[in-house]
Every structure is written in structure tokens, then in C-alpha cells.
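Here's the structure, in C-alpha cells; my notes come after.
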Amino acid sequence: MSDTKIRVESITHGYSIGNSTIEALKDVSLNVRQGEFFTIIGPSGCGKSTLLNIIAGLIRPTSGKVFVDGTELKGPMPGKLAYVFQQPLLLPWRTVLDNVAFGLEMQGLPKKKRVSVGKQLVELVGLRGFEYMYPGELSGGMQQRVAIARALAVNPDVLLMDEPFGALDEQTRLQLGIELTKLWMVTKKTIVFVTHSLSEAAFLSDRIAVMRKRPGSIIGIIEVNAERPRDPESPEIQKVRSELWKMLKEQGQENIIV
Ligand SMILES: Nc1ncnc2c1ncn2[C@@H]1O[C@H](COP(=O)(O)OP(=O)(O)O)[C@@H](O)[C@H]1O
Ligand SMILES: [Mg+2]
76 MSDTKIRVES
86 ITHGYSIGNS
96 TIEALKDVSL
106 NVRQGEFFTI
116 IGPSGCGKST
126 LLNIIAGLIR
136 PTSGKVFVDG
146 TELKGPMPGK
156 LAYVFQQPLL
166 LPWRTVLDNV
176 AFGLEMQGLP
186 KKKRVSVGKQ
196 LVELVGLRGF
206 EYMYPGELSG
216 GMQQRVAIAR
226 ALAVNPDVLL
236 MDEPFGALDE
246 QTRLQLGIEL
256 TKLWMVTKKT
266 IVFVTHSLSE
276 AAFLSDRIAV
286 MRKRPGSIIG
296 IIEVNAERPR
306 DPESPEIQKV
316 RSELWKMLKE
326 QGQENIIV
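Numbering (this note's numbering) for the sequence shown: 76 to 333.
In C-alpha cells form, the structure reads like this:
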């Protein structure tokens with residue numbers, strides 16, 4: 076029995092613009108284990124979003140393959156892989172509860188069931204009492220919590236998160252990171268998380284794939300063995316942060332923020 080959830084095999088991807096091609100990814104391979112918190116880090120433009128979109132089945136790579144549970148990915152698998160973007164992308168005319176339950180409505184679940192599942196998820200992301208408010212009435216951090224609850228509503232195996240806290244202030248970002256790890260421990264989902272924050276990667280992850288640009292490729296994978304729950308200020312986590320910094324610097328890739 077293999078504990079591999081996602082296998083990315085020799086992915087190369089180029090975007091064509093007119094007559095030229097931008098080589099966004101070159102020969103990227105990795106394995107994400109079942110239940111793992113796996114992070115992809117690297118400078119802006121190194122191909123993190125491209126890679127995540129390929130794993131989501133939203134982009135077909137120029138070459139290479141992705142396997143989920145051993146089966147080759149041929150397109151999006153909405154019930155299995157759910158996406159959380161940097162912007163929450165909520166429907167402004169729907170309440171928190173109706174945003175969370177959106178996917179369930181699409182699946183044709185009866186209203187009573189939608190409301191009960193939706194309420195549980197709203198509670199899970201710490202928004203109890205806000206069920207009937209509208210996105211415009213919430214802070215950025217609260218909106219992102221709604222987006223996470225919405226992604227969880229269809230009970231996917233995997234959460235793909237592309238810089239989900241990137242638009243938030245540092246304190247909110249840290250707070251949501253802490254809550255995300257709690258949520259991950261309770262739900263036992265596999266998470267593939269993209270960030271360009273070294274601290275965030277060090278604090279959240281089981282393993283971190285470090286990328287470089289031109290060509291977009293993986294320069295190394297590091298394992299974070301610190302016990303959970305973690306303290307973001309602990310020497311262990313700081314050490315991982317320094318290690319990431321060193322890896323990027325050695326490759327001339329240190330121009331990343333945070
Ligand atoms: N739709 C697109 N068309 C053309 N080039 C793109 C497109 N999306 C991304 N790129 C280019 O591919 C490279 C990788 O982009 P991206 O995956 O967004 O990187 P990251 O998420 O790490 O910032 C960049 O050079 C970017 O400009
Ligand atoms: Mg990106």
C-alpha cells in the first residue's frame with residue numbers, strides 16, 4: 076500500500092504568447108502523501124500557481140503527468156480536489172451560509188441538509204453567529220474563512236490553496252495559519268499550499284518544495300519535523316526559515332517578500 080496521494084511526474088509547461096513560449100515549469104516531479112501538509116514555495120513567477128492549476132486539472136501541461144490516488148488526472152475533479160484562491164471570490168448577494176453551501180446546492184442536496192452541513196462548517200472556521208451576514212459586512216480574514224468553509228463543504232480529499240492569506244495583514248495571516256493547522260488536524264485532509272512567505276511555510280508544513288524560476292523547477296524538498304501544535308517563534312521553526320532562505324539564496328532566488 077502506498078501512502079502517495081498525488082504524484083506529479085516530469086511536468087513541463089510552456090505558455091505560448093504569439094510566436095514565443097514562456098517556459099513556466101521544467102521537469103517538475105514530486106509526491107504528496109496522504110494527509111500531508113505540503114507547501115510549495117518560491118519567488119514570484121517561478122510557476123507555483125501554474126503547478127497548482129495543473130494539479131487541479133485546470134491546465135493541461137505541455138508534457139508530464141499527474142496521478143491522484145494512482146489514477147491519471149484528465150481534468151478537474153471537483154469532489155476530490157477543492158481550490159482556495161488568494162481572493163475569496165464570494166458571491167456578494169448570498170449570505171455566509173449560502174456561500175458555504177454553494178457547492179452542495181450544485182450537487183442538488185436538499186435545503187435542510189445544506190443548512191445543517193453549512194452551519195457545522197461555519198462553526199468549524201470560527202464564524203458562528205455570522206451565518207446570515209453578507210460578504211461585504213465581513214473583514215478580509217473572515218471572508219477567507221468563508222472561502223475555506225466553502226471548499227470543505229463538498230468534503231474533498233485535498234485542499235489546494237494558492238497564497239490564501241497573501242492579501243491579509245500579518246497578524247490575521249498568522250491567526251488564520253494557526254487555525255488552518257487545527258482544521259487540518261481535525262479533518263485529516265491533504266493540503267497543497269502555495270506561499271512565498273518563508274515563515275508561513277516553515278510554521279505550517281510537513282514538507283516544503285522549494286522552487287526557483289527560469290526555469291521553474293524544484294531545487295529541493297525539506298522536511299519539518301517540529302511537533303504540533305507549533306509555536307511560530309520557536310527556534311526550530313526559525314531554523315527551518317533560515318534553511319529555506321539559504322537554499323533560495325544559493326540559487327540567486329532570494330528576491331521574495333515577507
Ligand atoms: N496565462 C498565462 N499566459 C502567459 N504566461 C503566463 C500565464 N500565467 C503565468 N504565466 C507566466 O508563467 C510564469 C509562472 O507564472 P505563475 O505560475 O503565475 O508563477 P507564481 O505563481 O510562482 O508567481 C511567469 O513567468 C508568468 O508570467
Ligand atoms: Mg501565483
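Virtual Cβ for every residue (Gly too), placed ideally from N, Cα, C. Note that the coordinates shown come from a computational prediction; the quantities given were computed from them, not determined experimentally.
- prompt: Is the Cβ-Cβ distance between TYR140 and GLY291 less than 9 Å?
  reply: Looking at the sequence provided, one finds Lys at residue 140 rather than Tyr. Contact: no.
message: Under 8 Å, with one C-beta from each stretch per pair, do the stretch 89–105 and the stretch 258–269 reach the 3-pair mark?
response: no
task: Kindly list the residues whose CB is nearer than 6 Å to the CB of THR329, restricted to its own chain and excluding five residues on each side of it in sequence; keep chain order.
output: Just to set this straight, residue 329 is Glu in the shown sequence, not Thr. Closer than 6 Å at the Cβ level, and outside the excluded window around GLU329, lie LEU323.
- prompt: Does the Cβ of TYR158 lie closer than 8 Å to at least one heavy atom of ligand 1?
  reply: no
- request: Since I believe VAL159 is in contact with VAL267 (beta carbons under 8 Å), could you give me their beta-carbon distance rounded to a whole number of angstroms?
  value: That pair is no contact at about 11 Å.
- prompt: Looking at VAL269 and ligand 2, is the gap between the Cβ and the nearest heavy atom below 8 Å?
  reply: yes
message: Between LYS101 and ligand 1, is there a pair consisting of the residue's CB and a ligand heavy atom that are separated by less than 8 Å?
response: no
query: Would you say the stretch 266–281 touches the stretch 193–202, given that touching needs at least three Cβ pairs under 8 Å?
result: no
- prompt: How long is the line joining the alpha carbons of MET226 and ARG305, rounded to whole angstroms?
  reply: Sequence inspection shows Ala at residue 226; the Met mentioned does not correspond to that position. Rounded to the nearest angstrom, the two C-alpha atoms are 25 Å apart.
- prompt: Cα-Cα, which of VAL233, GLN161, GLN250 and SER214 is closest to VAL143?
  reply: VAL233
query: Secondary structure at ALA226, three-state DSSP: helix, strand or coil?
result: helix
- request: Please report the residue range of the alpha helix (DSSP H) in which PHE278 lies.
  value: 273–279
- prompt: In or out: LYS123 buried (at least 16 other Cβ within 10 Å) or exposed?
  reply: buried
- request: Determine the closest residue to PHE113 out of LEU179, ILE130, GLY120 and SER119, with distance taken between C-alpha atoms.
  value: ILE130
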